[in-house]
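Colleague:
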Amino acid sequence: MAVYLALALLPLSELGINWISSTFPSIASLIEGAMTTRLIASIVSGLIALFLVSQGWRLVWKLPFFGPKLSSKLFNDLNGDWTAELQSNWPIVQKTKDAAQTEGETFDVFDDASLPDLRELSFDVTIKQSWFRTDVEFFPNETTPLLESKTVSVEFSKAENGTKSMAWVFEVKNKSKNGARLAISDEQNYLGAAKLTLSDDGCELSGEFWQNRSWHRGLNAAGLIVLKRKS
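So for the sequence shown, our numbering puts the first residue at 267; every next one is plus one.
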């Protein structure tokens, strides 16, 4: 869109020059001399750089009238710091694994009374968004072996009822604690994905996530995730 807006300046500039020339004949020669093709090309290049390279488009999203309109018609500006709260079904996976390894112990996943609580995790997150790419980065903490996370792809969509969502695929690299090997149920690298719905005010993304860590052992987990924008 930024490219189209910048290129549209060429015919608009010509219309402006023609209008000034017909309305103010005394300064027509000065205007026509100043608005050369090279000058217009420089303005167009500057606008493209402003909107595409230096993220000048974010200024438009902050305007009182145009900002909310663009957020509604296109998508919100997600740049900034967020907090992620996860609820993982790993305790259920772990209990299933333990029951399979222990003689005489049983565990019925269809018995709601015996299901363990979901594991709760918290991360600091930064989202960097541009015209060409969106990166969602989770930062390491002391409660998980996370070393770094990388965004593989992000795709935005908008339903007919106006609900906006984000499909996110990511790659995670784990670290070994104090040089020890990772648990047999863990992996050094794995992939994951999430489908997140954006709140009306653009300050919360929520949905479900799943990952393929130790999938070949049947130990891949999934759960709920909520990202909240920091104030």
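We treat Cβ as the ideally placed atom computed from N, Cα and C, and that holds for glycine.
Here's a check: name, in chain order, each residue in its chain whose Cβ is nearer than 7 Å to the Cβ of Glu403, leaving out the five neighbours to either side.
Modeller: The answer, listed in chain order, is Val391, Thr392 and Ser415.
Colleague: When DSSP labels each residue in this structure, what does Val359 get in the three-state scheme?
Modeller: If DSSP states are grouped into helix, strand and coil, Val359 belongs with the helices.
Colleague: Taking the alpha-carbon positions, what's the Arg479 to Asp377 distance?
Modeller: Answer to the nearest angstrom: the Cα atoms are 26 Å apart.
Colleague: Take the Cβ of Glu386 as the centre, count every other Cβ of all protein chains shown within 10 Å, and call the residue buried at 16 or more, exposed below.
Modeller: Exposed.
Colleague: Just to confirm the assignment, what range does the beta strand (DSSP E) spanning Val438 have?
Modeller: That run of the beta strand (DSSP E) goes Lys430 to Asn440.
Colleague: Please tell me whether Thr417 and Thr400 are closer than 8 Å, where the distance is taken between their beta carbons.
Modeller: Contact flag set, yes.
Colleague: Quick one: what's Asp390 bridged to in DSSP?
Modeller: Per DSSP, Thr349.
Colleague: So what's Ala488 in DSSP terms, helix, strand or just coil?
Modeller: Looking at Ala488 - three-state DSSP - the assignment turns out to be strand.
Colleague: Thinking Lys461 and Glu474 are a contact (beta carbons under 8 Å), I'd like their distance in whole angstroms, please.
Modeller: Sure, about 6 Å apart at Cβ, within 8 Å.
Colleague: With a 10 Å radius around its C-beta and 16 neighbouring C-beta atoms as the bar for buried, classify Ala379 as buried or exposed.
Modeller: The residue is exposed, with fewer than 16 neighbouring Cβ atoms inside 10 Å.
Colleague: First and last residue of the beta strand (DSSP E) that includes Val420?
Modeller: Leu412 to Lys424 is the extent of the beta strand (DSSP E) around Val420.
Colleague: Near Leu471, which residues of its chain fall below 6 Å by C-beta distance, leaving aside the five closest residues on each side in sequence?
Modeller: Counting only Cβ-Cβ distances below 6 Å, and skipping sequence neighbours, we find Leu462, Leu464 and Leu493.
Colleague: Can you name, in chain order, every residue of its own chain whose Cβ lies under 6 Å from the Cβ of Ser238, other than the five neighbours on each side?
Modeller: It is not possible to answer for residue 238, since the shown part of the chain is limited to 267 through 497.
Colleague: Would you mind sorting Ala449 into buried or exposed? The rule is 16 or more other CB atoms within 10 Å of its CB.
Modeller: Ala449 is exposed by the Cβ-count criterion.
Colleague: Looking at C-alpha atoms only, which residue of Lys439, Ser431, Glu421 and Phe398 is the closest neighbour of Phe405?
Modeller: That would be Lys439, whose Cα lies nearest to the Cα of Phe405.
Colleague: In the structure shown, what three-state DSSP assignment does Ser354 receive?
Modeller: Three-state DSSP puts Ser354 in a strand.
Colleague: Which of the three DSSP states is assigned to Ala449 in this structure?
Modeller: Residue state, collapsed to three classes: coil.
Colleague: For Phe398, which residues of its own chain have a beta-carbon under 7 Å away from its beta-carbon, when the five flanking residues on both sides are left out?
Modeller: Correct list: empty, nothing qualifies.
Colleague: Return the CA-CA distance between Ser497 and Gln477, expressed in angstroms with no decimal places.
Modeller: Approximately 29 Å between the Cα atoms of the pair.
Colleague: Going by other Cβ atoms of all chains shown within 10 Å of its Cβ, with 16 needed for buried, is Leu352 buried or exposed?
Modeller: Leu352 is buried by the Cβ-count criterion.
Colleague: Considering only the alpha carbon of each residue, which of Leu412, Gln367, Asp374 and Lys394 lies closest to Ser388?
Modeller: Nearest C-alpha to Ser388: Leu412.
Colleague: Identify whether Asp378 lies in helix, strand or coil by the three-state DSSP scheme.
Modeller: Asp378: helix per DSSP, three-state reduction.
Colleague: Buried or exposed: where does Gln395 fall if 16 or more other Cβ atoms within 10 Å of its Cβ makes it buried?
Modeller: By the 10 Å Cβ count, Gln395 comes out buried.
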